[in-house]
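Chains as they are written, first to last, in the numbering used here: chain W, 1 to 164; chain C, 1001 to 1098.
The next block holds one structure in the form of structure tokens; read it before the comments.
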Amino acid sequence: MTALVERHQAAIARLLWRFARSPADLDDLVQETFLRMVRGLPSWQPQQPFAHWLLRIATNTGRDYFRRHTVRRRWHAEPAPDASPPDTVDPAADPAARAAANEVKTLLAALPPDERTLLTLHHLEGWGLAEIARQFDWTLTATKLRTWRARRRLRALLLDRDLL
Amino acid sequence: MKTPPDPESAWTRLLAQARADTPPPLDQAALLRAVRSEPLPTSATWSDDFLGLFAPQRVLPACLAGTGALALFASWEIWSVWQALPWAQLLVTTGGAP
Chain W
1 MTALVERHQA AIARLLWRFA RSPADLDDLV QETFLRMVRG LPSWQPQQPF AHWLLRIATN
61 TGRDYFRRHT VRRRWHAEPA PDASPPDTVD PAADPAARAA ANEVKTLLAA LPPDERTLLT
121 LHHLEGWGLA EIARQFDWTL TATKLRTWRA RRRLRALLLD RDLL
Chain C
1001 MKTPPDPESA WTRLLAQARA DTPPPLDQAA LLRAVRSEPL PTSATWSDDF LGLFAPQRVL
1061 PACLAGTGAL ALFASWEIWS VWQALPWAQL LVTTGGAP
């Protein structure tokens, strides 16, 4: 088990960092992904590449994280934790890249969770729509429709902030 | 007509910069501790399969199937008894004599 974690943790952390807002959240998400992996091991089919299967668990964990945030914001009227300033404790290797990533994440946080997941994977990870559709068992048409809706919402946000 | 996206827009530049961001180091010790303390799931045995038949989501279909089977069996029994009745009456009236 240790070997599995050591082999895949960098890729999983890289992916989930696109979702997480702070290093503490990233630790939680990576941990949750690997715990889900352990619990789901009996359902893994050997003909399926392990890395793909694990990536699928990670993307679902990321999407659940977005959903939890949305629900918490809606029901507890929290003052939008996603819009909080970036964590200043973590010294980033490239502060400009970190600032840009935080700005993008803050913008995407205004979208509904599924659209936020979609654009996070598409814009920040560079995934194609077909790949995203496969990952979540969505049809390609539904994914394109979601993307169109998400882009329309994002465009309005970008125009507000003079980023377009 | 749709205008093509401006490749040099502030958003495009922001995205390109954001993609270069790398994750902070993980708390690997805590991660390994959590994974090691998670019990490994055991593979399903016949008793798990049997108990699975009584899972809440299967109760309603199982009840419907059971009721259907019982109704079918009862109908068949009634039909066979109905078929045997004239013979029984004949046996009673004639005392079994031809």
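For glycine and all other residues, C-beta sits at the position ideal for the given N, C-alpha and C.
Model, not experiment: these values are computed from the prediction.
- In the three-state reduction of the DSSP assignment, E1077/C falls in the helix class.
- F1073/C counts as exposed, since fewer than 16 other beta carbons sit within 10 angstroms of its beta carbon.
- When Cβ pairs closer than 8 Å are counted between the two stretches, the stretch 1038 to 1052 of chain C is seen to touch the stretch 31 to 50 of chain W, the count reaching three or more.
- Contact between L15/W and E125/W holds, with the beta-carbon distance rounding to 7 Å and staying under 8 Å.
- If you ignore the 5 residues before and after A130/W, its C-beta comes within less than 7 Å of the C-beta of L140, all in its own chain and listed in chain order.
- When S1009/C, W1087/C, L1015/C are compared, the shortest CA-CA separation from R98/W is found for L1015/C.
- Each of T33/W, A109/W, F50/W was checked against the Cα of R67/W, and the nearest Cα belongs to A109/W.
- Around the beta carbon of F19/W, 16 or more other beta carbons lie within 10 angstroms, which makes this residue buried.
- Rounded to the nearest whole angstrom, the C-alpha separation of G1068/C and S1075/C is 11 Å.
- Of all residues in the stretch 1014 to 1035 of chain C, those with a C-beta nearer than 9 Å to a C-beta of chain W are L1014, L1015, A1016, Q1017, A1018, R1019, A1020, D1021, T1022, P1023, P1024, P1025, L1026, D1027, Q1028, A1030, L1031, L1032, A1034, V1035, reading in chain order.
- Sequence-distant Cβ neighbours of T117/W in its own chain, meaning closer than 7 Å and more than five residues away, are G62, R63, F66.
- Using a CB distance below 8 Å, no part of the stretch 53 to 67 of chain W faces chain C.
- Interface residue (Cβ-Cβ distance to chain W less than 8 Å): P1041/C is classified as such.
- Between the beta-carbon of R72/W and that of E115/W there is about 18 Å, and that puts the pair past the 8 Å contact cut.
- Contact check for L54/W against H123/W fails: the beta carbons are separated by 8 Å or more.
- For E6/W, the uninterrupted alpha helix (DSSP H) run begins and ends at 2 to 17, by DSSP.
- In the three-state scheme derived from DSSP, where H, G and I count as helix and E and B as strand, G128/W is classed as coil.
- Contact annotation for E1038/C against chain W: L35, V38, R39 [CB-CB distance below 8 Å, chain order].
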